[in-house]
Amino acid sequence: MKKMNLLKLVTMSMFVGVGVVISPLLRIEGMCPMAHLINITAAVFLGPVEAFLVALMIGVLRMSLMGIPPLALTGAVFGALLSGVFYRVSKGNIMSAVLGEIIGTGIIGAIVSYPVMTFLWGREGLSWLFYVPSFICGTLIGGSIAALFLYQLQSAGVLIEIQSKLKGEDSVCVKKQKTESL
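Next up, the structure:
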């Protein structure tokens with residue numbers, strides 16, 4: 012496994028800290044839109060594996076410190092990973108990252124939540140699709156905020172700077188490569 016640089020680790024830590032702090036403050040019952048904002052932003056800034064790790068750490072901390080059920084994990088890790096994968100496969104399309112979060116969390120995470128909450132947590136009377144509506148609504152809210160934020164960074168030319176610094180590249184070379192590929 013390649014060595015992570017210090018800036019990437021600090022950035023991941025900041026995402027985890029912000030994610031844990033804002034999740035109870037800006038939460039709608041049954042949804043956590045700010046988690047999706049963090050997932051998508053981390054996926055675009057850092058990549059799929061790092062976004063997955065950020066979501067995993069936020070979920071574990073929320074469960075252990077705040078008594079949140081396992082939905083903190085099932086409702087985050089799939090979306091963070093798919094958001095990063097979709098962003099990378101689409102070669103930097105922000106809406107693809109949002110779509111990855113919606114599919115990963117709103118559909119896959121919601122369906123995986125059923126057996127977790129039924130068999131491990133002891134909840135009764137749930138159906139396979141019980142969590143889908145609230146998870147999709149949460150991802151739409153958080154995804155919209157993330158898209159607005161990331162498009163603003165992109166239009167200001169800051170997004171490519173952040174990404175290149177986190178990858179350890181010279182941003183001038185990255186801009187030149189992107190311009191040449193167009």
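Per my numbering, the very first residue in the sequence shown carries number 12; after that it's consecutive.
Each residue gets a CB set at the ideal place from its N, CA and C atoms; glycine is no exception.
For clarity, every value in this text was computed on a predicted model and none was experimentally measured.
Legend entry - Residues sharing a beta bridge with I39, DSSP: Paired residues: M42.
Inset, instruction - Kindly indicate which three-state DSSP category V185 falls into: helix, strand or coil? - result: Residue placement at V185 is poorly supported in this model, since its pLDDT is 49, which falls under 50; the coordinates still yield a value, given next. Helix at V185.
Inset, instruction - Count the C-beta pairs between the region 66 to 73 and the region 85 to 96 that are closer than 8 Å, then say yes if the count reaches three, no if not. - result: yes
Inset, instruction - For the region 140 to 149 and the region 96 to 108, state whether three or more C-beta atom pairs, one from each stretch, are separated by less than 8 Å. - result: Fewer than three Cβ pairs drawn from the region 140 to 149 and the region 96 to 108 lie within less than 8 Å of each other, which leaves the two stretches out of contact.
Legend entry - Any non-hydrogen atom of the ligand SAH within 6 Å of V32 CB: Only the bare structure without any ligand can be found here, which leaves the ligand SAH out of the picture.
Inset, instruction - Could you tell me whether the Cβ atoms of S24 and A54 are closer together than 7 Å? - result: No, Cβ-Cβ distance for S24 and A54 is not below 7 Å.
Inset, instruction - Select from L177, T22, Q163 and F130 the residue whose C-alpha is nearest the C-alpha of P80. - result: Answer by Cα proximity: F130.
Legend entry - Simplified DSSP state of S34, which is helix, strand or coil: helix
Inset, instruction - Can you tell me which of L37, V29, L36 and Q174 puts its alpha carbon nearest to the alpha carbon of A66? - result: V29
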